[in-house]
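Asks: Right, I'll just put the structure down here and ask away after.
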């Protein structure tokens, strides 16, 4: 197979075929690239950190540019692919990949796709003595975002439509164990296209003729090395490194893990990477434009090849997930404080009426044992102050109540915020009480022991705060004798779980 490809390469080169200089120089405006980077790396973007207003501004900027270029959304009429990631056992971060598609024009190749990608998130900012220091991320990776936006605009032009489909992927979560690219590939079976390879741009803003560009992973693609060096010579680009290595920590590592050949194009001689000094004014925009002209030729050539084949250099087993790449599991055990505020009344089953409501409250401790992300069991121990009215007057009881509930998170179960249902039973021990100033008679009149059922619905945030409504319905009688009186409580429950 390799000999066949090299023979094709020789013929194409000799006859002026697929490896000829198909791309024109100066397709891209350095000023336009600078405009993109200046916006995306401004202080207003909050360092493009998750859960900030700034990263949402960056998303909208990228979305608008994809829309203006005429790209189509990958799914569901939106450029956004939403997901989340548990960064700590108690914190779930919402993230969104941005994906636009240019369908291929070749009927035989349009069901195959080349993924052009970079990440758009960054490190955020720090507050030091009240001063906000922003990690602007101009080179890492606003430069690559700007480049890919311009590539999308270029290939959306009718004169430049590709043979194969191009998927333009801007991933979130690069600074959170590359969750965006992992989520994309874990859901790639839902795509309408078969992914054949990837081209990843990463930190392309500091090209220098002495140190050049790197083509990490280019040798995982048949003819990749030959094409990469050929077009670099045409565009007067120096290639510093080219190999079959997917860089650990870069998104191409995950292309390798999932079995797709890919090349990472970047420049390395940059003193300000991942610092607060990575600002738009330090970049070489003529160099970015030069790299993009080069990338156009690579994309056009790969997109028009009859077949894209991974070399024997690509072995997915060489690119395992690190433990840090795996989602942080939800904690199996929590404990915390709980308080109930509400009302109680009594049902006279044999007389078909109920008493007037009286104020009830309780306070105590609770625990959570999580069986799964959505199912947990909750034992509680409460001091319970409950009251009501009997035939002989108003009474108040002091009790120890022990509810045992099962909680089912039915909405947003992996989210930092979720809705849940609870259901279970409770036992109550009444240790003292008063009625009209007299001690309750637990020997002859009142029962010390009761039991009943609980059910309710609630809201939980960050695995820490809970707010719910709980109904507690007695299934045993409160008093001795033949008269059936059962206690009912309707309660607002507020809980605080400790991390």
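Numbering (our numbering), first residue to last: 195 to 693.
We treat Cβ as the ideally placed atom computed from N, Cα and C, and that holds for glycine.
1) DSSP state of residue 562, grouped into three classes?
2) Which whole-angstrom value is the C-beta distance of residue 602 and residue 569, which I expect to be below 8 angstroms?
3) Taking the alpha-carbon positions, what's the residue 225 to residue 397 distance?
4) Would you mind working out which of 679, 254 and 452 sits nearest residue 543, comparing C-alpha positions?
5) Could you have a look at residue 658 and say whether DSSP puts it in helix, strand or coil?
6) Per the contact definition of three or more C-beta pairs closer than 8 angstroms, is the segment 433-440 in contact with the segment 370-386?
7) Is it true that the segment 415-422 meets the segment 468-484, where meeting means three or more beta-carbon pairs spaced less than 8 angstroms apart?
8) Thinking C-alpha only, which one of 659, 571 and 681 is nearest residue 624?
9) Taking all protein chains shown into account, decide if residue 344 is buried (16 or more other Cβ within 10 angstroms of its Cβ) or exposed.
10) Run through DSSP, which three-state label would residue 579 get?
11) If you draw a straight line from the C-alpha of residue 260 to the C-alpha of residue 425, how long is it?
12) Short of 8 angstroms in beta carbon distance, which residues of its chain neighbour residue 670, apart from the five on each side in sequence? Order them along the chain.
13) Using the three-state DSSP reduction, which class does residue 417 fall into: helix, strand or coil?
14) With DSSP as the reference, label residue 686 as helix, strand or coil.
15) Going by CA-CA distance only, name the one from 634, 654 and 493 that's closest to residue 296.
16) Please state whether the Cβ-Cβ distance between residue 292 and residue 317 is less than 8 angstroms.
17) Across the segment 239-259 and the segment 324-331, are there enough close Cβ pairs to call them in contact, namely three or more that are closer than 8 angstroms?
18) Once you ignore the five residues that flank residue 455 on each side, which residues in its own chain have a CB closer than 6 angstroms to its CB?
19) Roughly how many whole angstroms lie between the Cα atoms of residue 468 and residue 243?
20) Name, in chain order, the residues that DSSP records as bridge partners for residue 679.
21) My assumption, with CB atoms under 8 angstroms, is that residue 256 sits in contact with residue 378. Please give the rounded CB distance.
22) In chain order, what residues of the same chain have a beta carbon less than 6 angstroms from the beta carbon of residue 591, not counting five sequence neighbours either side?
23) Based on the DSSP secondary-structure assignment, which residues constitute the bridge partners of residue 334?
24) From the DSSP output, in three-state form, read off residue 504 for me.
25) Using 8 angstroms for Cβ pairs, my map puts residue 307 next to residue 387. What's the rounded Cβ distance?
26) Alpha carbon to alpha carbon, how far is residue 506 from residue 513? Give it in angstroms, no decimals.
27) What I want to know is whether the C-beta of residue 555 ends up closer than 7 angstroms to one or more non-hydrogen atoms of the ligand MN.
28) Which partner residues does residue 612 have in the DSSP bridge list?
29) Just the C-alpha distance for residue 657 and residue 342, rounded to the nearest angstrom, thanks.
30) Skipping 5 residues on each side, what residues in its chain have a beta carbon closer than 7 angstroms to that of residue 488?
31) Please list, in chain order, all residues of the same chain as residue 402 whose beta carbon is under 8 angstroms from its beta carbon, the five residues on each side excluded.
Replies: With the given structure in hand:
1) Residue state, collapsed to three classes: strand.
2) Yes, they are in contact, since the Cβ atoms of residue 602 and residue 569 sit about 6 angstroms apart, within 8 angstroms.
3) Rounded to the nearest angstrom, the gap between the Cα atoms of residue 225 and residue 397 is 18 angstroms.
4) Answer by Cα proximity: 679.
5) In this structure, DSSP gives residue 658 a state outside helix and strand, which the three-state scheme calls coil.
6) Because the criterion of three Cβ pairs below 8 angstroms is not met, the segment 370-386 and the segment 433-440 do not touch.
7) The count of Cβ pairs closer than 8 angstroms, one atom from the segment 415-422 and one from the segment 468-484, stays below three, leaving the stretches out of contact.
8) From the listed residues 659, 571 and 681, the smallest Cα separation to residue 624 is found for 681.
9) Taking all protein chains shown into account, residue 344 has 16 or more neighbouring C-beta atoms within 10 Å of its C-beta and is therefore buried.
10) Correct three-state label for residue 579: strand.
11) Distance from the CA atom of residue 260 to the CA atom of residue 425, rounded to whole angstroms, is 27 angstroms.
12) Apart from sequence neighbours up to five positions away, the residues of its chain that approach residue 670 with a beta-carbon distance below 8 angstroms are 641, 643, 644, 645, 646 and 680, ordered along the chain.
13) Three-state result, residue 417: coil.
14) Residue 686 falls in the strand class under three-state DSSP.
15) Of the candidates 634, 654 and 493, the one whose C-alpha sits nearest the C-alpha of residue 296 is 493.
16) Cβ atoms of residue 292 and residue 317: not closer than 8 angstroms.
17) Output reads yes: the segment 324-331 touches the segment 239-259.
18) Around residue 455, the same chain offers 391, 414, 415, 504 and 508 as residues with beta carbons nearer than 6 angstroms, after the five sequence neighbours per side are excluded.
19) The alpha-carbon atoms of residue 468 and residue 243 are separated by roughly 13 angstroms.
20) DSSP lists 542 as the bridge partner or partners of residue 679.
21) A Cβ-Cβ separation of about 15 angstroms leaves residue 256 out of contact with residue 378 under the 8 angstroms criterion.
22) Here the set comprises 580, 624 and 627.
23) Paired residue(s): none; residue 334 is not in a bridge.
24) Of the three classes helix, strand and coil, the one that applies to residue 504 here is strand, per DSSP.
25) With 8 angstroms as the limit, residue 307 and residue 387 qualify as a contact, their Cβ atoms being about 4 angstroms apart.
26) Going by the C-alpha atoms only, they are around 14 angstroms apart.
27) With respect to the ligand MN, the structure offers nothing, as it holds no ligand at all.
28) Answer is 654, bridged to residue 612.
29) Each residue's Cα considered, the two are about 38 angstroms apart.
30) These residues qualify, in order along the chain: 425, 426, 429 and 431.
31) Answer for residue 402: 461, 463, 478 and 481, listed in chain order.
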